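Trainee: One structure, pasted below without further comment.
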Amino acid sequence: GQETVSSELKKPPVPASFNLSEYFKQFLFPQNECELHDFRLSFSQLKWDNWIVAPHRYNPRYCKGDCPRAVGHRYGSPVHTMVQNIIHEKLDSSVPRPSCVPAKYSPLSVLTIEPDGSIAYKEYEDMIATTCTCR
Amino acid sequence: SQTSREVQIAASAESGSEAELQSLDGRDQSGLLPSLFKTLYDGQGGAPRLQPDSRALRYMKRLYKAYATKEGIPKSNRSHLYNTVRLFTPCSQHKQAPGDQVTGTLWSVDVLFNLDRVTAVEHLLKSVLLYTLSNSVSFPLAVKCVCNLGIKGPEVSTKALPGAPYSLTFNSQLEFKKKYKWVEIDVTTLLQPLVASKQRSIHMSVNFTCVRDQGRHPSAQNSSSDRTPLGPPSLLLYLNDTSAQAYHSWYSPRYRRRPSQHPDPERGLSAYPLGEEAAGSVRASRHRR
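These protein sequences, in sequence, are chains R and V. Heads up: the first sequence begins at 1021 in the working numbering, then just goes up one per residue. Heads up: the second sequence begins at -8 in the working numbering, then just goes up one per residue.
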């Protein structure tokens, strides 16, 4: 094999135009990948504090970002998500890429003043997003 | 055109949300969600509201702090089954004769509560009459009282209580002490049939007969007739909202089974375990399964 090795060594190492950082970028997480974001609001901003007494601050959170192509288990996505990606890329780009949406929620307790002046403490399901998924 | 399409979309959304508002129990639901829908469409902060009693509001804020974190997350260490607590102040009240020294009846009052806000999907688990002791009230010592409650008037519908007397009476022992700010009288057994039969207004008479610890009747002079030591009571209803939007903490998320939206009429309230032990058995059986 000496001839092979020497011929290999004679080849130029990599084309001058090749950019190593560009090459590695494809393995990094995309910068704006699908993830959970905070959005703290107070009911006084919405002028609802005349009937929602508590909580004063509410952070419903939301999901935003791009869904990577190989979503796999990281987002708890079903295989359908990858199929949708392939359709979008290979067959018909009018089929949208999978979207970044909430997968799980937590409840919220609210204290409100009713129109008749009575006071109600209620616990509502699914009022705060806790995890995101690509679907 | 674009604008007409937008108008159509808004109209259909409006009718959709109105339909959604009306679909719940056939009446305008007041809960948080319909108000949110209304707010999203009309941008106002919900309908104009009567201002609640300040002491009642203070009590409910205290209850909120006991049940939820600052961010509004229900605390997981609670063992109760209710996900709704409604506090009603009387829409009318009539103070009766001033204190009577012979019987020791210190004070009595007739009150009328309007329960229109209780929806058909909310099932009563517990009910309490709440007395707020104003700071001016000073009981020299611990005072023992018997509270005699009567439900009055034609509102007591016979269908709820077949062969029901025209009024129901009910006694409860309780003790006032200096440091108390609130006194609660459990009236669940009295109100259960009425709330279950969707009674909309409840007319109640409340008489207190108190005896001081040494067995002497507190002389009427201690409580001059024009200053009854107690304001009118509020009515607290602890309810289990069975709608899909309400949070049901007591069944494990693993099964994620929602209680039947429309309880089995035959089983009535037994479909909703009343006490913590019932919840325990539900949980135990579920784990076994």
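For every residue, glycine included, the Cβ atom is placed at its ideal position computed from N, Cα and C. Predicted model only: the values in this text are computed from it and were never measured.
Please check the pair Cys1120 of chain R and Gly1085 of chain R, which I expect to be a contact at CB under 8 Å, by giving their CB distance rounded to whole angstroms.
Mentor: In the first sequence, counting from the first residue as 1, residue 1120 of chain R sits at position 100. In the first sequence, counting from the first residue as 1, residue 1085 of chain R sits at position 65. Between Gly1085 of chain R and Cys1120 of chain R the Cβ distance is about 5 Å, and since that is below 8 Å, they are a contact.
Trainee: Is Leu1131 of chain R close to chain V? Criterion is C-beta to C-beta, closer than 9 Å.
Mentor: As a working note, residue 1131 of chain R is residue 111 in the first sequence. Taking Cβ atoms only, chain V reaches closer than 9 Å to Leu1131 of chain R, which makes this a yes.
Trainee: Mind checking who Leu227 of chain V pairs with in its DSSP beta bridge?
Mentor: Here the question's residue 227 of chain V lines up with position 236 in the second sequence. In the DSSP assignment, Leu227 of chain V is bridged to V:Leu78 and V:Val119.
Trainee: CB Arg77 of chain V to CB Glu113 of chain V, shorter than 9 Å?
Mentor: Counted from its first residue, the second sequence places residue 77 of chain V at position 86. Counted from its first residue, the second sequence places residue 113 of chain V at position 122. A contact, by the Cβ cut-off of 9 Å.
Trainee: When DSSP builds the beta bridges, which residues end up paired with Ile1133 of chain R?
Mentor: Along the first sequence, read from residue 1 onward, the residue named residue 1133 of chain R stands at position 113. In DSSP, Ile1133 of chain R forms a bridge with R:Ile1139.
Trainee: Considering just the uninterrupted stretch of the alpha helix (DSSP H) at Val186 of chain V, what are its terminal residues?
Mentor: As a first step, residue 186 of chain V is located in the second sequence; it is residue number 195 there, counting from the start. That run of the alpha helix (DSSP H) goes Thr179 to Ala187.
Trainee: Measuring only between beta-carbons, confirm whether Gly1137 of chain R sits less than 9 Å from chain V.
Mentor: One-based indexing of the first sequence puts residue 1137 of chain R at position 117. At least one chain V Cβ lies under 9 Å of Gly1137 of chain R.
Trainee: So which of V:Leu120, V:Met51 and V:Gly222 has the shortest CA-CA distance to Asn1139 of chain R?
Mentor: Residue mapping note: residue 1139 of chain R aligns to position 119 of the first sequence, counting from 1. For clarity, residue 1139 of chain R is Ile in the given sequence; the question names Asn instead. Among V:Leu120, V:Met51 and V:Gly222, the Cα nearest to that of Ile1139 of chain R belongs to V:Met51.
Trainee: Among the candidates V:Lys135, V:Val119 and V:Ala111, whose CA atom is the shortest distance from the CA of Phe104 of chain V?
Mentor: The residue labelled residue 104 of chain V in the question sits at position 113 within the second sequence. Phe104 of chain V has its Cα closest to that of V:Val119, out of V:Lys135, V:Val119 and V:Ala111.
Trainee: How many Å lie between Ser192 of chain V and Ser83 of chain V at the Cα?
Mentor: Here the question's residue 192 of chain V lines up with position 201 in the second sequence. Here the question's residue 83 of chain V lines up with position 92 in the second sequence. One C-alpha to the other measures close to 11 Å.
Trainee: Please report how far the alpha carbon of Val100 of chain V lies from the alpha carbon of Pro1135 of chain R, in whole angstroms.
Mentor: To locate residue 100 of chain V, count along the second sequence from 1; it is residue 109. To locate residue 1135 of chain R, count along the first sequence from 1; it is residue 115. Rounded to whole angstroms, Val100 of chain V to Pro1135 of chain R spans 26 Å at the Cα level.
Trainee: Would you say Ala988 of chain R reaches chain V, if we count a Cβ-Cβ gap shorter than 9 Å as a contact?
Mentor: Since the first and last residues shown for chain R are 1021 and 1155, residue 988 of chain R lies out of range.
Trainee: With respect to the beta strand (DSSP E) encompassing Ala1074 of chain R, which residues constitute its N-terminal and C-terminal limits?
Mentor: To locate residue 1074 of chain R, count along the first sequence from 1; it is residue 54. Ile1072 to Ala1074 is the span of the beta strand (DSSP E), which, as asked, contains Ala1074 of chain R.
Trainee: Helix, strand or coil: which one does DSSP assign to Thr1024 of chain R?
Mentor: Counted from its first residue, the first sequence places residue 1024 of chain R at position 4. Helix, per DSSP.
Trainee: Output needed in chain order: residues of the stretch 45 to 68 of chain V with a Cβ under 7 Å from some Cβ in chain R.
Mentor: Ala47, Leu48, Met51, Lys52, Leu54, Tyr55, Tyr58, Ala59, Lys61, Glu62, Gly63, Ile64 and Pro65
Trainee: Kindly list, in the order they appear in chain R, the residues whose Cβ is closer than 8 Å to that of Ala291 of chain V.
Mentor: With chain V running from -8 to 280 in the structure shown, residue 291 of chain V is simply not present.
Trainee: Can you find the residues in the same chain that come closer than 8 Å, C-beta to C-beta, to Tyr1125 of chain R, ignoring five residues on each side of it along the sequence?
Mentor: Taking the first sequence and counting its residues from 1, the one referred to as residue 1125 of chain R is at position 105. Closer than 8 Å at Cβ, skipping near neighbours: Glu1145, Asp1146, Met1147, Ile1148, Ala1149 and Thr1150.
Trainee: To the nearest whole angstrom, what separates the beta carbons of Gly1137 of chain R and Gln42 of chain V, a pair I think is in contact under 8 Å?
Mentor: For the purposes of this step, residue 1137 of chain R is taken as residue 117 along the first sequence, with counting starting at 1. For the purposes of this step, residue 42 of chain V is taken as residue 51 along the second sequence, with counting starting at 1. So it is a contact: roughly 6 Å between Cβ atoms.
Trainee: Could you have a look at Arg1081 of chain R and say whether DSSP puts it in helix, strand or coil?
Mentor: If you number the first sequence from 1, residue 1081 of chain R lands on position 61. Secondary structure at Arg1081 of chain R: coil, using DSSP grouped into helix, strand and coil.
Trainee: Which residues in the same chain as Tyr1082 of chain R place their Cβ atom closer than 7 Å to its Cβ, once the five residues preceding and following it in sequence are excluded?
Mentor: In the first sequence, counting from the first residue as 1, residue 1082 of chain R sits at position 62. His1057, Phe1059 and Ala1149.
Trainee: Where does Ala59 of chain V fall in DSSP's three states?
Mentor: For the purposes of this step, residue 59 of chain V is taken as residue 68 along the second sequence, with counting starting at 1. Note: Ala59 of chain V maps to strand in three-state DSSP.
Trainee: Check whether the Cβ of Met51 of chain V sits closer than 8 Å to any heavy atom of the ligand NAD, and report yes or no.
Mentor: The model on display carries no ligand, and the ligand NAD is accordingly not part of it.
Trainee: Taking CB distances under 9 Å as the criterion, tell me whether Ser82 of chain V reaches chain R.
Mentor: The residue given as residue 82 of chain V occupies position 91 in the second sequence. Per the sequence shown, the amino acid found at residue 82 of chain V is Cys instead of Ser. Yes - at least one Cβ of chain R is within 9 Å of the one on Cys82 of chain V.
Trainee: Using CA atoms only, rank isn't needed, just tell me which of V:Val102, V:Thr60, V:Val137 and V:Val178 is closest to Glu1143 of chain R.
Mentor: Translated into the one-based positions of the first sequence, residue 1143 of chain R becomes position 123. Minimum Cα distance to Glu1143 of chain R is reached at V:Thr60.
Trainee: So is Gln190 of chain V in contact with chain R if we call contact Cβ pairs under 9 Å?
Mentor: As a first step, residue 190 of chain V must be located in the second sequence, where it is residue number 199. Taking 9 Å as the CB threshold, Gln190 of chain V stays off the interface with chain R.
Trainee: Are Leu124 of chain V and His71 of chain V closer than 9 Å when you measure CB to CB?
Mentor: Mapped onto the second sequence, residue 124 of chain V falls at position 133. Mapped onto the second sequence, residue 71 of chain V falls at position 80. No; because the gap between Cβ atoms is not below 9 Å, this pair is not in contact.
Trainee: Report the partner residues of His239 of chain V according to the DSSP bridge assignment.
Mentor: Position 248 of the second sequence, counting from 1, holds the residue named residue 239 of chain V. Note: His239 of chain V sits in no beta bridge, so no partner.
Trainee: Report buried or exposed for Gln1065 of chain R, applying the criterion of at least 16 other Cβ atoms within 10 angstroms of its Cβ.
Mentor: Reading the first sequence from its first residue, position 45 is the one you call residue 1065 of chain R. Exposed, because fewer than 16 other Cβ atoms sit within 10 Å of the Cβ of Gln1065 of chain R.
Trainee: For Ile1072 of chain R, which option in R:Lys1110, R:Cys1087 and R:Ser1062 has the closest C-alpha, if you only look at C-alpha atoms?
Mentor: Within the first sequence, numbered from 1, the residue matching residue 1072 of chain R stands at position 52. Ile1072 of chain R has its Cα closest to that of R:Ser1062, out of R:Lys1110, R:Cys1087 and R:Ser1062.
Trainee: Could you tell me which of V:Lys135, V:Leu230, V:Ser196 and V:Ala235 sits nearest to Tyr73 of chain V, measuring between CA atoms?
Mentor: As a position in the second sequence, residue 73 of chain V is number 82, starting the count at 1. Comparing Cα-Cα distances from Tyr73 of chain V to each of V:Lys135, V:Leu230, V:Ser196 and V:Ala235, the minimum goes to V:Leu230.
Trainee: Taking the alpha carbon of Asn198 of chain V as the reference point, which residue from V:Thr179, V:Pro224 and V:Glu62 has its own alpha carbon closest?
Mentor: Position 207 of the second sequence, counting from 1, holds the residue named residue 198 of chain V. Ranking the options by Cα distance to Asn198 of chain V, first place goes to V:Pro224.
Trainee: For the alpha helix (DSSP H) containing Gln1104 of chain R, list its first residue and its last residue.
Mentor: Here residue 1104 of chain R refers to the residue found at position 84 when the first sequence is read from its first residue. Under the DSSP assignment, Gln1104 of chain R falls in the alpha helix (DSSP H) whose first and last residues are Val1099 to Ile1106.
Trainee: Measure the CB-CB distance between Leu121 of chain V and Ser196 of chain V and report whether it falls below 9 Å.
Mentor: For the purposes of this step, residue 121 of chain V is identified with residue 130 of the second sequence, where counting begins at 1. For the purposes of this step, residue 196 of chain V is identified with residue 205 of the second sequence, where counting begins at 1. Contact flag unset, no.
Trainee: From the beta carbon of Asn139 of chain V, is the nearest beta carbon of chain R less than 9 Å away?
Mentor: On the second sequence, position 148 is the one that residue 139 of chain V refers to. Cβ-Cβ to chain R under 9 Å: no for Asn139 of chain V.
Trainee: Looking at the C-beta of Ala235 of chain V, does it have a partner C-beta in chain R at a distance below 9 Å?
Mentor: Residue numbering aside, residue 235 of chain V sits at position 244 when the second sequence is read from its first letter. Cβ-Cβ to chain R under 9 Å: yes for Ala235 of chain V.
Trainee: Could you run through the stretch 1104 to 1131 of chain R and flag, in chain order, every residue whose CB is less than 7 Å away from some CB of chain V?
Mentor: Ser1126, Pro1127, Leu1128, Ser1129, Val1130 and Leu1131
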